[in-house]
Amino acid sequence: MQNTIVALATPFGRSGIAVIRLSGDLSLEIARRLTRDEQFNPRPRFANLKKIYDLETCEVLDETIITYFQSPNSFTGEDVVEIACHGSPIILRQIIDFCLKLDARMADAGEFSLRALANGRMNLSQAEAVRDLIDAQTVAAARQSVRQLRGELSNQLQPLKDDLLDVIVILESSIEFVEDDLPDFQTENIKTKLRGIAENVGKMAATFQAGKLLREGLTVALVGRPNVGKSSLFNALLGHDRAIVTEIAGTTRDQLHEKIVIGNVPIALIDTAGLRETSDTVESIGVERSKRIMADADLVVALLDGSQKLTAEDDEILAQIADLRHIIAVNKIDLQNSPMSLPHSKSVKISAKTGAGLDELQKAIVAPFTPQDVETSGFLVSDARHNDLLLRAREEIENSISLLEQKFSEEIVLIGLHNAIRSLGQITGETTTEDMLTRIFSTFCIGK
Ligand SMILES: Nc1nc2c(ncn2[C@@H]2O[C@H](COP(=O)(O)OP(=O)(O)OP(=O)(O)O)[C@@H](O)[C@H]2O)c(=O)[nH]1
Ligand SMILES: [Mg+2]
Numbered sequence: 077m078q079n080t081i082v083a084l085a086t087p088f089g090r091s092g093i094a095v096i097r098l099s100g101d102l103s104l105e106i107a108r109r110l111t112r113d114e115q116f117n118p119r120p121r122f123a124n125l126k127k128i129y130d131l132e133t134c135e136v137l138d139e140t141i142i143t144y145f146q147s148p149n150s151f152t153g154e155d156v157v158e159i160a161c162h163g164s165p166i167i168l169r170q171i172i173d174f175c176l177k178l179d180a181r182m183a184d185a186g187e188f189s190l191r192a193l194a195n196g197r198m199n200l201s202q203a204e205a206v207r208d209l210i211d212a213q214t215v216a217a218a219r220q221s222v223r224q225l226r227g228e229l230s231n232q233l234q235p236l237k238d239d240l241l242d243v244i245v246i247l248e249s250s251i252e253f254v255e256d257d258l259p260d261f262q263t264e265n266i267k268t269k270l271r272g273i274a275e276n277v278g279k280m281a282a283t284f285q286a287g288k289l290l291r292e293g294l295t296v297a298l299v300g301r302p303n304v305g306k307s308s309l310f311n312a313l314l315g316h317d318r319a320i321v322t323e324i325a326g327t328t329r330d331q332l333h334e335k336i337v338i339g340n341v342p343i344a345l346i347d348t349a350g351l352r353e354t355s356d357t358v359e360s361i362g363v364e365r366s367k368r369i370m371a372d373a374d375l376v377v378a379l380l381d382g383s384q385k386l387t388a389e390d391d392e393i394l395a396q397i398a399d400l401r402h403i404i405a406v407n408k409i410d411l412q413n414s415p416m417s418l419p420h421s422k423s424v425k426i427s428a429k430t431g432a433g434l435d436e437l438q439k440a441i442v443a444p445f446t447p448q449d450v451e452t453s454g455f456l457v458s459d460a461r462h463n464d465l466l467l468r469a470r471e472e473i474e475n476s477i478s479l480l481e482q483k484f485s486e487e488i489v490l491i492g493l494h495n496a497i498r499s500l501g502q503i504t505g506e507t508t509t510e511d512m513l514t515r516i517f518s519t520f521c522i523g524k
């Protein structure tokens, strides 16, 4: 018998309602003990208003709504009880403690989903979709997770796996039953089929760049010498006054991080301390940090002050970012006396003050990361694990094609095809090892 597990399914903290979830054979018995109602025989999937009592003092702890999901018709496939109580951290802790006393144990990270997987309620890629849906930072990313949850990834993979299996069966049976080599026309057929599969697997993997972008987004650092308007731009992109802006050079000392969304892409935007030689201890630490952030960012937006001539400091910054992925933004174009001749053709002219050019800048920020050839309204592979396995499968298939061309025996060709189908199977979890599952589910949070 599996242990009965318990966890808070909603975030810890004060809230109107919080849900504690139990899963396992003891769930209903624990609910009976908590409610001091041995006759409690709830109709599955119906709400029951029940008082929960302190196990020791018999005082009423809370008035709750209890819902029972009878195995196998539950999220995990086991008996599940959900207790919706008031979101008081004190009460929540007490109820969970009582569940533990009644022989439930705390759920591990992702354990509810793992049980759902073990009981065939969903496949691995669907369980991962639950995690990604909860973690989604944008509407577009959430939509993609829901598509995966509804089985789109598995549905796209199934015909490819079926085709691959067909080829494997032909080759296997030719080893068993055909005395001589396969006739040429059949080898040609097999090659064509394999090429088609490899191409489709490759097409799925090609959506990963866009999928990863939607899911993980980009880190974008605003850099430049003091007073060019980094914090002003930071605030303008954010839409509110987050950073302090003054006419004093060296205003920003520490980095500020905020999240924004540009064209469905979640962006971690960082305002940095202006880069310059300085004897001020605090400022110089800030400058050092700015340099580190620049190196780590996916994209650096280097700001210049368009109302002034380029300075030696600007030149130095431009040299520093030359090898990094960057955009140059010339700020303060609202000022009449704009003497700056643009240093580079690929700069964007903006005014953080009036908002001029900000649309263009936003487009320029995401453009280098958005692949042109991917139809983003389709299903996107967004998990590095899936992408890895797709690429591995394609490579194995391509290898097998080349072995076929070199007229290697069926046994040799088959090795790669078996590897390929195993890789595709690992995406949905059909061919997954125990420690792989442990690794994947450790990325879930408790209560999922
Ligand atoms: N006219 C005009 N003034 C601007 C513009 N952007 C920023 N400023 C002004 O430039 C000055 C410096 O702006 P900040 O945003 O603090 O500059 P910063 O790059 O963050 O400066 P440090 O934090 O010191 O590195 C302030 O007085 C802003 O009002 C702009 O587009 N047009
Ligand atoms: Mg600043």
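Per this note's numbering, the sequence shown starts with residue 77, numbered consecutively.
Heads up, the beta-carbon is just placed ideally off N, CA and C, and yes, glycines get one too.
Since the structure is predicted, the reported quantities are computational estimates derived from the model, not experimental observations.
Start and end residues, beta strand (DSSP E) containing residue i
| i | result |
| --- | --- |
| C161 | V156 to G163 |
| H333 | L332 to I338 |
| T140 | V136 to F145 |
| G454 | It is not in any beta strand (DSSP E) - G454 carries neither H nor E in the DSSP assignment. |
| G92 | S91 to S99 |
Residue i beta carbon near ligand 2 (any heavy atom closer than 7 Å)
| i | result |
| --- | --- |
| T328 | yes |
| A319 | yes |
| D347 | yes |
Proximity of residue i and residue j at Cβ, strictly below 8 Å
| i | j | result |
| --- | --- | --- |
| V95 | A85 | yes |
| I251 | E486 | yes |
| L241 | I497 | yes |
| S458 | K267 | no |
| V376 | L351 | no |
| M182 | L190 | no |
| A373 | T295 | yes |
| A274 | R470 | yes |
| R151 | F122 | Before going further, note that residue 151 is Phe rather than Arg in the sequence given. No. Outside cutoff. |
| F517 | A192 | no |
| L314 | Q220 | no |
| L493 | I244 | yes |
| K269 | D238 | no |
| V157 | L236 | no |
Exposure label - residue i; buried when at least 16 CB within 10 Å
| i | result |
| --- | --- |
| F253 | exposed |
| D381 | buried |
| D155 | buried |
| E436 | exposed |
| R207 | buried |
| T143 | buried |
| A41 | The question about residue 41 has no answer here: the residues shown for the chain are numbered 77 through 524. |
| C521 | exposed |
| H462 | buried |
| N117 | exposed |
| N231 | exposed |
| L125 | exposed |
Check: residue i C-beta below 7 Å from any heavy atom of ligand 1
| i | result |
| --- | --- |
| E323 | yes |
| S308 | yes |
| V304 | yes |
| A428 | yes |
| S350 | Reading the sequence as shown, one finds Gly at residue 350 and not Ser. G350: yes, Cβ under 7 Å from ligand 1. |
| K367 | no |
| G300 | yes |
| K408 | yes |
| L411 | yes |
Residue range of the alpha helix (DSSP H) that includes residue i
| i | result |
| --- | --- |
| G431 | Counting along the chain, G431 falls outside any alpha helix (DSSP H), and DSSP gives it neither H nor E. |
| S366 | T357 to D372 |
| K288 | F284 to E292 |
Sequence-distant residues of the same chain with beta carbon closer than 6 Å to residue i, five excluded per side
| i | result |
| --- | --- |
| T133 | none |
| D306 | According to the sequence shown, residue 306 is Lys rather than Asp. L298, G300, D347 and L379. |
| L332 | A319 and D347 |
| N495 | E472 |
| V337 | T214 |
| A440 | I403 and V424 |
| G523 | A83, L84 and A85 |
| L131 | F174 |
| T354 | S360 |
| P148 | none |
| P342 | Q213, T214 and G293 |
| T519 | none |
Nonlocal neighbours in the same chain, by C-beta distance under 8 Å from residue i, ignoring five residues either side
| i | result |
| --- | --- |
| Y129 | L110, T111, R112, E135, V136 and L137 |
| V222 | A205 and L209 |
| D179 | T80, L102 and I106 |
| D410 | S427, K429, T430 and A432 |
Beta-carbon proximity list for residue i, same chain, < 7 Å, skipping 5 on both sides
| i | result |
| --- | --- |
| I393 | V299, G300, R301, L351 and A378 |
| I361 | none |
| E474 | A274 |
| E114 | R108 |
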